[in-house]
Amino acid sequence: MKINSLPPFLAELKQDFPRAMLEIEIDLSHSMLQKLLSADCDMIAIAGPVANPNVETAHIGEIELIWVTSPVVATRIAHGAAQQLVWLLHRHSPVHGLALASLAEAGCAGVLAETAYNSCNNVRALADILVADGGIGFLPEPMVRDHVAAGRLVLLKKLPNRTMEFHVAIRTQERDPLVRAIFERAAMLQIN
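This note's numbering applies: residue 251 is where the sequence shown begins, and numbers increase by one.
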């Protein structure tokens with residue numbers, strides 16, 4: 251099952267486990283991992299590998315991270331506008347470090363001072379900022395695919411893309427059979 255079919259996956263879970271209470275929360279990987287370890291969450295989907303002996307993970311795929319901007323900002327860049335506002339996910343997100351590495355590879359790290367980076371903890375909000383001509387950003391391709399297809403965002407091809415792993419995770423000591431059953435099903439999800 252593809253991760254972008256999360257609603258059907260959740261509907262299937264509710265059908266198979268009608269008495270189970272599902273609580274969906276969206277947050278940065280760092281925050282979600284802390285919630286898992288403190289038992290505030292039973293299972294999480296998380297970006298990047300997790301190296302923690304208290305966490306059991308299942309790899310569910312990789313996504314491409316791409317540099318995008320609005321057509322208006324792309325035109326400004328093409329006409330020589332030197333500095334643009336750069337929007338990144340918060341520094342606690344693994345995406346942030348990948349974005350900085352991508353900029354460094356492109357030779358842009360020295361041009362864009364640390365103060366030139368803006369951050370937000372929500373990918374959808376970042377996409378909305380970029381659509382409104384707010385700058386350039388480094389975002390997961392599946393989250394901006396519709397904007398790119400509709401022409402509201404365009405790719406910045408001179409900046410290198412990256413890929414990021416995604417995993418579902420539970421606490422290693424988890425013994426609840428329902429949580430284990432949901433984890434086993436979630437481990438079959440595939441990101442596209």
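Using N, Cα and C, we set each Cβ at its ideal position, and we do this for glycine too.
Taken in chain order, the complete alpha helix (DSSP H) segments of 4 residues or longer contained in the region 265-352 are 279-287 and 321-328. In chain order, Leu409 place their CB closer than 8 Å to the CB of Cys358, counting only its own chain and leaving out the 5 sequence neighbours on each side.
Here the region 313-332 makes contact with the region 399-407; the two share three or more CB pairs at distances below 8 Å. A Cβ-Cβ separation of about 6 Å places His397 in contact with Ala377 under the 8 Å criterion.
No Cβ-Cβ contact shorter than 9 Å links Met414 with Leu338. Taking C-beta separations shorter than 6 Å and ignoring five residues to either side along the sequence, the partners of Ala436 in its chain run Val418, following chain order. Within the model, the alpha-carbon separation for Ala295 versus Leu353 is close to 27 Å.
The beta-carbon distance between Val323 and Gly385, rounded to whole angstroms, is 7 Å. This is short enough to meet the 8 Å contact definition.
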